[in-house]
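Inspection log for the structure reproduced underneath, given as structure tokens.
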Amino acid sequence: MTAYRELATLCQQLEQTSSRLTMRRLIAGFLRRVEPSELEIAVNLIIGRVFPEQDPRSMQMSFASVFRLLGELNLPTEVYRRSYSTAVDAGEAVRMILKHASHKSRRLSIAEVHRQLESIAVSRGRGSRKERDHMFRDLLSQIDEIEAKYVTKSMFGEMRHGASEGIMLDAIAEAASVSSDLVRRAHMFAGELGHVARIALTKGEKGVRDVRIILFRPIKPMLARTANSLEEAWTELGGTLALEYKYDGARVQIHKRGRTVRMYSRRLTDITRAFPELIEQLRKLPAERTLLEGEIVGVDPAGKPLPFQHIMRRVTRVHQVQRAMKKIPIRLHLFDCLMVGDEMLVDSSYEIRWKTLLNTVPADLVASRLVPRSIVQASAFFQDACSKGHEGLMAKAMSSPYTPGTRGKSWLKIKFADTLDVVILAADWGYGRRHNWLSNYHLGVLDEESGEYVPVGKTFKGLRDDEFQSLTERLLSIRTAERHNTVYVKPEIVVEVTYNEIQKSPHYPSEMALRFARITRIRNDKSSNQATTLQTLRELHRKELARKGEVS
DNA sequence: GTTGTCTGCCC
DNA sequence: ATTCTGC
DNA sequence: GCAGAATGGGCAGACAAC
């Protein structure tokens with residue numbers, strides 16, 4: 000058995016360096032000396048996971064739970080106040096608080112710490128909240144404050160020591176003396192870091208090479224990079240590309256063997272039971288074995304795509320699936336085929352995979368696509384997609400292989416986006432590396448009827464560090480009030496915000512919220528009475544909705 | 001039984 | 001999801 | 001160019017509080 004303390008020490012060392020090579024070396028050394036039976040657990044805990052990626056169990060513990068139970072220690076109020084205001088993150092706050100509780104470490108092993116975390120995760124049903132709190136407090140009483148810090152961090156998935164999945168993969172490769180590329184490929188197919196580590200360290204290169212795609216073990220989806228315009232995508236791909244509609248729905252990976260069909264989400268969660276009508280349809284496909292990928296969108300009776308919110312009502316649904324099925328009909332748009340029969344197509348070109356897809360499934364299940372001959376034709380297709388209520392287009396390089404889990408340059412997404420000039424109404428204090436900055440800005444538009452500014456969303460994106468710093472100073476100088484973590488300010492600062500959609504909001508009184516808002520400019524040239532008005536925003540929202548379908 | 005809070009997971 | 005930063 | 005970090009809106013489900 001390896002002491003959990005050693006894992007905590009490793010994390011402390013990682014925290015002290017920003018060099019990836021050093022982190023890789025430190026982790027590799029640790030993986031080589033950790034007790035083999037604890038290897039898989041350790042690999043996950045180090046990068047901030049209690050359970051492997053595909054494990055459906057979760058801790059059901061968050062900041063609120065942990066701070067509630069720490070409050071029960073009845074330490075001086077000053078200890079809590081100082082810890083919360085000084086600590087950069089939750090793990091650090093826990094350490095600072097527990098320093099005053101002076102628990103002695105019983106030197107639990109990695110396996111024992113994990114066993115206790117597991118029993119917290121499986122506690123369910125009436126009274127389980129209290130039971131989980133009790134069990135976690137019990138765990139804290141057996142470890143010292145340094146160990147508690149990293150247990151908390153693993154539980155919250157925020158290590159903040161700079162090493163995560165990517166560096167872990169390199170470390171596994173180094174520890175096992177196997178090439179990094181092979182280890183990464185094995186991980187994309189196996190989907191579980193712990194398994195990859197065990198195989199690499201016990202079976203070496205041969206074991207890693209033998210990992211391949213198996214049906215009903217979902218693989219990491221290939222990711223796309225964003226292009227700012229169609230022209231940019233065209234240039235980047237050298238004009239030899241295909242365009243597909245980018246549907247605003249849920250990405251799914253479909254595995255079929257005989258009459259058995261299962262569907263997995265982008266994060267590899269099994270969501271088969273949410274879409275019975277689709278499963279039934281897919282079971283009838285002639286292909287005996289296949290692995291397909293596509294996007295599911297909600298549609299109205301006329302077939303127009305519904306806003307994203309509606310498909311979300313179905314993806315995570317467990318109860319009343321049949322009722323949701325009637326209310327929110329769906330359509331599947333397939334765009335890739337990674338396996339047919341015994342043939343593995345991951346390394347085949349996109350062109351070949353597309354042809355195989357067409358030969359495998361009926362045409363009405365396939366995404367709309369165009370191989371453009373000119374950029375003019377491409378632009379028309381983009382307009383076409385947007386006007387029909389879709390998100391935009393995907394541009395794909397014809398000869399590119401499927402590269403699971405990586406954001407390569409062979410898939411580019413081009414999304415509709417627009418800008419508004421909005422006013423900063425308030426800002427939240429940041430967390431972690433933004434601890435000392437006001438980092439999350441509440442955005443408002445002017446209601447011409449009342450003359451008041453009403454919130455329509457928040458954003459923390461778009462500014463550079465130096466801009467956060469100067470904006471923090473500026474905002475503090477016009478502060479009107481401060482409550483909890485939020486500083487309210489005079490509505491004076493105007494920022495240009497880029498967004499992708501105006502959503503119907505059940506939360507904001509304006510009943511609208513901006514999706515994916517990011518600051519693209521600080522409009523020092525504009526005063527707040529020149530900002531976008533609520534009335535204008537409503538009009539834009541109406542126009543957006545007119546392109547999309549409606550639920551009856 | 002209803003409403004509110006927390007959590008995880010879609011984007 | 002998007003964006004910025006450091007290697 | 002990759003990897004990591006910070007954090008958005010909104011959905012269902014599970015449980016807690018009333």
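So in numbering that gives the first Met the number 0 the end of the first sequence lands on 551, straight run, no missing numbers.
Glycine is no exception: its CB is placed at the ideal position from the N, C-alpha and C atoms.
All values reported here derive from a predicted model rather than from experimental measurement.
Residue range of the alpha helix (DSSP H) that includes residue i
i, result
"M167", "E164 to A175"
"M397", "Looking at the DSSP string, M397 is not in any alpha helix (DSSP H), and its letter there is neither H nor E."
"P403", "Element bounds for P403: n/a, residue is neither H nor E."
"G456", "Segment Y452 to T458 is the beta strand (DSSP E) holding G456; no alpha helix (DSSP H) there."
"I213", "Looking at the DSSP string, I213 is not in any alpha helix (DSSP H), and its letter there is neither H nor E."
"E294", "That residue, E294, is in no alpha helix (DSSP H); its beta strand (DSSP E) goes R288 to G297."
"K325", "V320 to K326"
"H186", "S179 to A189"
"S378", "I374 to S386"
Cα-Cα separation, residue i to residue j
i, j, result
"I26", "L168", "10 Å"
"I310", "K98", "47 Å"
"L222", "Q141", "43 Å"
"L277", "L331", "8 Å"
"P508", "S347", "51 Å"
"Q308", "V314", "10 Å"
"E484", "E130", "Note that residue 484 is Asn in the sequence shown here, rather than Glu. One C-alpha to the other measures close to 29 Å."
"G391", "C385", "6 Å"
"Y149", "R94", "9 Å"
"R196", "T532", "Correcting the residue identity first, residue 196 is Ala in this sequence and not Arg. Each residue's Cα considered, the two are about 55 Å apart."
"S153", "I45", "7 Å"
"I351", "V49", "40 Å"
"A480", "V488", "7 Å"
"T535", "D209", "59 Å"
"P306", "E500", "9 Å"
"G450", "L236", "49 Å"
"T519", "H113", "44 Å"
"L344", "K255", "15 Å"
"R31", "T225", "39 Å"
"E77", "R478", "26 Å"
"V296", "T359", "21 Å"
"F334", "R81", "53 Å"
Residues that residue i bridges to, as DSSP identifies them
i, result
"E342", "V339"
"E495", "D420 and R520"
"D54", "The partner list for D54 (beta bridge, DSSP) is empty, contrary to what the question assumes."
"W428", "L437"
"I253", "M262 and L291"
"E243", "R368 and M393"
"R537", "Answer is none; R537 lacks a bridge partner."
"D269", "Y263"
"R330", "V296"
"R224", "L411"
"S108", "A2"
Continuous beta strand (DSSP E) stretch holding residue i: start and end
i, result
"A512", "M511 to R514"
"N439", "L437 to L445"
"K503", "E500 to K503"
"R197", "Here R197 belongs to no beta strand (DSSP E); instead the alpha helix (DSSP H) covers L192 to R208."
"E481", "R478 to R482"
"Y487", "T485 to V488"
"I413", "W410 to K414"
Presumed contact (8 Å Cβ cut-off) between residue i and residue j, rounded CB distance
i, j, result
"Q53", "E164", "Not quite, the Cβ-Cβ distance comes to about 14 Å (not below 8 Å), so this is no contact."
"E231", "S367", "So it is not a contact: roughly 22 Å between Cβ atoms."
"D420", "A512", "Between A512 and D420 the Cβ distance is about 17 Å, and since that is not below 8 Å, they are no contact."
"M397", "Y349", "6 Å"
"K245", "M393", "5 Å"
"R522", "V494", "6 Å"
"S108", "I413", "At roughly 51 Å, the Cβ-Cβ gap does not stay under 8 Å, so S108 and I413 are not in contact."
"R136", "R4", "The Cβ separation is near 20 Å, so there is no contact."
"V455", "S527", "About 14 Å; that fails the 8 Å criterion."
"A110", "E37", "5 Å"
"G193", "P51", "5 Å"
Residue from the options with nearest C-alpha to residue i
i, options, result
"K503", "E481, E549 and K489", "E549"
"V251", "P217, Y244, T234 and G257", "P217"
"A47", "V486, M158 and K387", "Looking at the sequence itself, residue 47 is Gly, so the reference to Ala does not match. Residue M158 is the option with its Cα nearest to G47."
"T289", "D299, P454, G257 and S386", "G257"
"K387", "D247, R105, G126 and W436", "D247"
"V317", "E287, T271 and L424", "T271"
"V444", "P403, E491, F459 and G407", "E491"
"V65", "P51, F155, V49 and E77", "F155"
"E146", "A92, K283 and T479", "A92"
"A426", "Y263, E342, V486 and D524", "V486"
"G238", "Q280, D180 and S373", "S373"
Residue i Cβ short of 7 Å to the ligand HEM heavy atom set
i, result
"L424", "With respect to the ligand HEM, the structure offers nothing, as it holds no ligand at all."
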